[in-house]
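Participant:
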Amino acid sequence: MDQLEIPETPYPRLAPVKTHLQTLMTQALRQLQAEGALAGIESPAIPVERSRDRTHGDFASSVALGLAKMARCKPRDLAERIVATLPTSERIARVEIAGPGFINFFLTPGAYQAVVAEILDQGETFGRSTFGGGRRVQVEFVSANPTGPLHVGHGRGAAFGATVANLLEAVGYQVHREYYVNDAGRQMNILAASVWLRYLEHCGEQLPFPSNGYRGGYVRDLAARLYTEHGNAYLVSAADLFRDLPQDEIRDDAGTVIVPGDKEAHIDALVERARAQLGDHRYRYIFELGLNAILDDIRADLQEFGVVYDEWYSERTLEERGAVNKTIQRLRDAGQIYTKDGALWFRSTAFGDEKDRVVQRENGQTTYFASDIAYHLEKFERGFEWVIDVWGADHHGYVPRVKGALQALGENPDRLDVLLVQFAILYRHGERAPMSTRSGDFVTLRELRDEVGNDAARFFYVMRKSEQHLDFDLDLAKSQSKDNPVYYIQYAHARVCSVVRQQHEKDLPRDEQRGRDHLALLTEPHEEALLIALARYPEVVEMAALNHEPHQLAQYLRELANAFHSYYNEHRVLVSDDGLRDARLSLSLATRQVIRNGLRLLGVFAPEVM
RNA sequence: GCGCCCGUAGCUCAGUUGGAUAGAGUGUCGGCCUCCGAAGCCGAAGGUCGUGGGUUCAAGUCCCGCCGGGCGCGCCA
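Start counting the first sequence at -14; every next residue gets the next number (the working numbering).
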């Protein structure tokens, strides 16, 4: 499993120029060692990074600062010796020592310009790498219970998970995208009961709708559909139905308890009653009706959002195979199960959890946790070397118990990474949009997509670090101006397309080879800045992928677009000189390619015209 | 109370895994279209990085204590 870990060295696999510099410095250090200096020092990882400040060159290394103590000399002196020993390279214009002992590298113009040809050669594969070596990683995300339509919170998990998956694929992992469908659990029974109760109301029955039932409008819609298609075939007396049930908990609109009760016991009993009164066949029909309608809606919603899955994994199939009971048995065999108060408990405290957890309730039902253990165990058994779960941050307390269970079963919990995504808060006209799941009054993902469009939604969702609360400004997402980063980036792409159209309209000849032959003419400061931005792309993709940080890519694309807009504003592409014109067209096309590649990873469309 | 996450420009956020003088966008103020799309560009102003210690050549970044905000702490999922 070691090979799956993100390498300890902060510089796992770097863009060609960086590795080139590292190689040169490694050679220099070896040379110094051969000469007797730096005795006893193991060849260290050599830090090289892009300089923040242009006066510090293009790349900087702090090796000398790190090794000075062991070498027992001043950092600047060590830097001097390394630089003096450094092999020459045509990609390096000059090397300087600065500050406390940094080694600053200044690249030759040719080293910048080469990236244009590289991008044009590689096309849509530019920025991809083989870092992952084809290892199989599973990314499970969204996995919302099919008890209602997706809301805006799920949307962030969808955009984030899909982008993380795309990024990992881009750096060479074999990615399996999966949605875990909770189609077996108690919540589904509650949905079925809710639909049926609304149906009874539709038939004219009076009844106290349970506090734990699903109240969304879609439940009534399903109930109405049941009535339209089957009339009174599912009608029973509501009075009989509710007789002698455990007292429900009743609250007023403000959420204050008016009548105390056990809402869980109430709803469970109600589900049982429903089953008994309807009989297996009719009950099953309503259950399936609700499940299928909602799941179809979720599937379509995500697909329209550009989120596609390799597999929709059914919890029910786990149960039907007996996997849940088998897993509990395995935990029991491992000595980690005990009985208390009639329930079965997993001793998760033995694995760092705060308290032990129930896997089977007193009434015999296995818990959500139990099937989740079975599911995660099965992920490993299916051959995934690395498993990533994307969860809402409110589930963070759940992490230790799942990892603990895996450990108890002899699996390595480090093979599971749980990425937590904070909620998104919608703002409209500077005001917080109401968002309450309790009453069923929430903004759905579909409503959001309809309002701001898929592109803006995808981009805004991943614009911020996932563990950061997201303020989603609806008005900004809809605006078509530079204020809106999505339009800003897309506009840069469309602009290049427009230049190409102009070139055709003006009948200006273009020769790709001539463009490549004249890349050396790209020496304007704006051109240099753009070339550097383009060269950074593979590094950005790699860092974004390995750290699970799509926002890095989003941020980068804005910077790249800015570099292009600035250049475009300052210089004409379609100049009369053939060589310069073709070189600038090549640069523009390379920019378009990178924007397109980056947006694709984010699931955002790259338009030719806007 | 305990645990996890977050405190960086008026606002929304980055900050290259510990590097050099902390950066963008937005907002405010001021400039740029006879010229490839002004859905754009350029400039100015704006900071005790919540706070107090510690670690070291070097801390916004790592450790500890406070302060403030969010979430979690069910035989719910």
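A virtual CB, placed ideally from N, CA and C, is assigned to each residue, including glycine.
Assuming residue 262 and residue 303 form a contact by the criterion Cβ under 8 Å, report the distance between their Cβ atoms to the nearest whole angstrom.
Facilitator: Residue 262 to residue 303, Cβ: 29 Å. No contact.
Participant: Buried or exposed: which applies to residue 379, given that a residue is buried once 16 or more other Cβ atoms fall within 10 Å of its Cβ?
Facilitator: Looking at its Cβ environment, which holds fewer than 16 other Cβ atoms inside 10 Å, residue 379 is exposed.
Participant: Quick one: Cα of residue 519 to Cα of residue 411, how far?
Facilitator: The alpha-carbon atoms of residue 519 and residue 411 are separated by roughly 34 Å.
Participant: Is the closest heavy atom of the ligand FMN to the C-beta of residue 108 under 7 Å?
Facilitator: Looking for the ligand FMN in the displayed structure turns up nothing, as the structure carries no ligands at all.
Participant: Would you decide whether residue 143 is buried or exposed? Buried here means 16 or more other CB atoms lie within 10 Å of its CB.
Facilitator: The residue in question, residue 143, is buried, as its Cβ has 16 or more Cβ neighbours within 10 Å.
Participant: Quick one: which unbroken beta strand (DSSP E) runs of 3-plus residues sit fully inside the region -2 to 74? Chain order, please.
Facilitator: The region -2 to 74 contains these whole beta strand (DSSP E) runs: 44 to 46.
Participant: Going by C-alpha to C-alpha distance, which of 122, 172, 212 sits closest to residue 158?
Facilitator: The candidate whose alpha carbon is nearest that of residue 158 is 122.
Participant: Smallest Cα separation from residue 454: which of 401, 377, 312?
Facilitator: Nearest option by C-alpha distance: 377.
Participant: Is it the case that the Cβ atoms of residue 131 and residue 168 are separated by a distance below 8 Å?
Facilitator: Their beta carbons are under 8 Å apart, which means residue 131 touches residue 168 by this criterion.
Participant: So what's residue 326 in DSSP terms, helix, strand or just coil?
Facilitator: Residue 326: coil per DSSP, three-state reduction.
Participant: Assign residue 618 to buried or exposed, taking buried as 16 or more other Cβ atoms, counted over all protein chains shown, within 10 Å of its Cβ.
Facilitator: Since the first residue shown for the chain is -14 and the last is 595, residue 618 is missing from the structure and cannot be characterised.
Participant: Near residue 333, what residues of its chain come up, given a Cβ to Cβ distance below 6 Å and the 5 sequence neighbours on each side ignored?
Facilitator: Around residue 333: 341, 342, 386, 389.
Participant: Mind the definition here: the region 364 to 378 touches the region 397 to 407 only if three or more C-beta pairs lie below 8 Å; say whether that holds.
Facilitator: Flag = yes, the region 364 to 378 and the region 397 to 407 touch.
Participant: Output the residue ranges of the beta strand (DSSP E) runs that lie fully inside the region 409 to 482 and measure 3 residues or longer, sorted by chain position.
Facilitator: Those beta strand (DSSP E) runs which fall completely within the region 409 to 482 and span 3+ residues are 409 to 413, 455 to 458.
Participant: Tell me the rounded alpha-carbon separation between residue 163 and residue 283.
Facilitator: Going by the C-alpha atoms only, they are around 14 Å apart.
Participant: May I ask you to verify whether the region 201 to 221 touches the region 176 to 191, counting CB pairs closer than 8 Å and requiring at least 3?
Facilitator: As far as the Cβ criterion goes, the region 201 to 221 touches the region 176 to 191, which means the pair count is three or higher.
Participant: Taking buried to mean at least 16 other C-beta atoms within 10 Å of its own C-beta, is residue 561 buried or exposed?
Facilitator: Classification for residue 561: exposed.
Participant: By a C-beta neighbour count over all protein chains shown, 10 Å radius and 16 as the cutoff for buried, is residue 422 buried or exposed?
Facilitator: Interpretation of residue 422 is limited by its pLDDT of 48, a score under 50 that renders its predicted location unreliable; the figure taken from the coordinates is listed afterwards. Exposed, since its Cβ has fewer than 16 Cβ neighbours within 10 Å.
Participant: For my contact list, residue 414 and residue 477 are in at a C-beta cut-off of 8 Å; report their separation, rounded to the angstrom.
Facilitator: Not quite, the Cβ-Cβ distance comes to about 29 Å (not below 8 Å), so this is no contact.
Participant: Assuming residue 161 and residue 295 make a contact with CB atoms under 8 Å, what is their CB distance in whole Å?
Facilitator: The pair is a contact, with the Cβ atoms about 5 Å apart (cut-off 8 Å).
Participant: Quick check: the Cα distance between residue 370 and residue 120, rounded to an integer number of angstroms?
Facilitator: Answer to the nearest angstrom: the Cα atoms are 7 Å apart.
Participant: Using C-beta distances below 7 Å, list every residue in its chain close to residue 487, excluding the 5 sequence neighbours before and after it, in chain order.
Facilitator: Closer than 7 Å at Cβ, skipping near neighbours: 559.
Participant: Quick one: what's residue 377 bridged to in DSSP?
Facilitator: Per DSSP, 406.
Participant: Are the Cβ atoms of residue 362 and residue 401 separated by less than 8 Å?
Facilitator: Going by C-beta atoms, residue 362 is not nearer than 8 Å to residue 401.
Participant: Of the choices 75, 537, 55, 48, whose alpha-carbon is the least far from that of residue 65?
Facilitator: The shortest Cα separation from residue 65 among 75, 537, 55, 48 belongs to 48.
Participant: What is the rounded straight-line gap between the Cα of residue 251 and the Cα of residue 152?
Facilitator: Looking at the two C-alpha atoms, the distance is approximately 46 Å.
Participant: How is residue 509 classed by DSSP in three states: helix, strand or coil?
Facilitator: Residue 509: coil per DSSP, three-state reduction.
Participant: Between which residues of its own chain and residue 4 is the CB-CB distance below 7 Å, once the five residues before and five after are set aside?
Facilitator: Result list for residue 4: empty, nothing under 7 Å.
Participant: For residue 348, which residues in the same chain have their Cβ closer than 8 Å to its Cβ, ignoring the five residues on either side in sequence?
Facilitator: These residues qualify, in order along the chain: 253.
Participant: Please return the same chain residues whose Cβ sits closer than 6 Å to the Cβ of residue 463, not counting the five positions on each side in sequence.
Facilitator: Counting only Cβ-Cβ distances below 6 Å, and skipping sequence neighbours, we find 437.
Participant: Curious, which full-length beta strand (DSSP E) runs of at least 3 residues does the region 130 to 218 contain?
Facilitator: Runs of the beta strand (DSSP E) inside the region 130 to 218: 159 to 166.
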